[in-house]
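First comes the structure, then the notes that go with it.
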Amino acid sequence: MAEFDYEVVNGRKIRVRPQEVVSEIDENGYFVRQPNRFTEGFGEGKNPVEKGRYHLVWAKLCHWSNRASIVRELLGLEDAISVNMVDHAKHEKNLGWEFVYDKDHIDPVLGIQFLSEAYYKADDDYTGRTTVPALIDTKTGKVVNNDYTWLTNYFEVDFKPFHKKGAPDLYPEELRKDIDEMNDWLFDNINNGVYKATFARSKEAYWDAYNSFYAAMDILEKRLENQRFLFGDYVTDSDVRLYDRNQKYIKNI
């Protein structure tokens, strides 16, 4: 097991994440996002689908987690999956996301102050960033999934028994291949494209991301000229991913 530093906060011993343990900038100055650590799906195995078992942690600042929160509400999963919000911790050292909106900064479901506590409980040697969205098993207190790429799809498919009556089918079976391809394209050019430009450490990396983003925006504008959503007249998982990124982009114009 690796050695870590700790900070005592409100009498709680909190691990400090070492700086630059996992570099997300390659040798040419391009931003390369860290891989998701907890990617196992849901079903009858390790992560059974049970009402009230999982707790979604998200942050308004993070569009990856905004879309998980949006899909949860669109599908009516409020009674099946509890939720809480975190924000950046206001501390000298890197302690990660904190439950700053709760009394004494303690999540009432999990009994923890920092999201990192659930990460390290799941993997004591974890050294990456503690990211949102994160789905936590309330029975174990461990993160079971932080895979923003597929988490909404798990909500749409695996948690379907708990969807509200009349919930939209955001991931229809006949369109899943097309939606997956669209989501991959949106990730590369739009969703993650903004970060690739923001965190670029070379002019080449910046302009590659910048040009890809605006070329993709032109493609989307043409696609949506005569239809309301990406796949016609009904909303899908891809529209949620595009909406959240673009409404943040429009706010900053």
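The numbers in full-length UniProt numbering rise by one with no breaks, and the one at position 117 of the sequence shown is 117.
Don't be surprised by glycine CBs; every beta carbon is placed ideally from N, CA and C.
Note that the coordinates shown come from a computational prediction; the quantities given were computed from them, not determined experimentally.
- Here S116 carries a helix assignment [DSSP, helix/strand/coil].
- Each residue's CA atom was taken as its position, placing A197 and K46 some 38 Å apart.
- Of the candidates L151, F114, A205, the residue whose Cα lies closest to the Cα of F42 is L151.
- Looking from the CA of F187, the closest CA among D169, Y154, Y148, Y171 belongs to Y148.
- In its chain, beyond the 5 residues on either side, H163, K164, A167 have a beta carbon closer than 7 Å to the beta carbon of G76.
- Considered as a whole, the stretch 123-158 harbours 134-137, 142-145 as its complete beta strand (DSSP E) runs of no fewer than 3 residues, in chain order.
- Taking the Cα positions, Y171 is about 43 Å away from Y6.
- Here DSSP, grouped into helix, strand and coil, assigns I70 to helix.
- Taking 8 Å as the upper bound for CB-CB distance, R241 and N192 are not in contact here, some 11 Å apart.
- Assigned with DSSP and collapsed to three states, Y101 falls in coil, not helix or strand.
- Annotation: R223 is outside any beta strand (DSSP E); the continuous alpha helix (DSSP H) that includes it extends over 203-223.
- When secondary structure is reduced to three states using DSSP, D79 falls in the coil class, being assigned neither helix nor strand.
- G166 sits in coil when the DSSP states are folded into three classes, being neither helix nor strand.
- For F187, the secondary structure class from DSSP, reduced to helix, strand or coil, is helix.
- With respect to the C-alpha of A215, the residue from T130, G232, F199, V194 having the closest C-alpha is V194.
- Classified as buried, L95 has 16 or more neighbouring CB atoms from the shown chains inside 10 Å of its CB.
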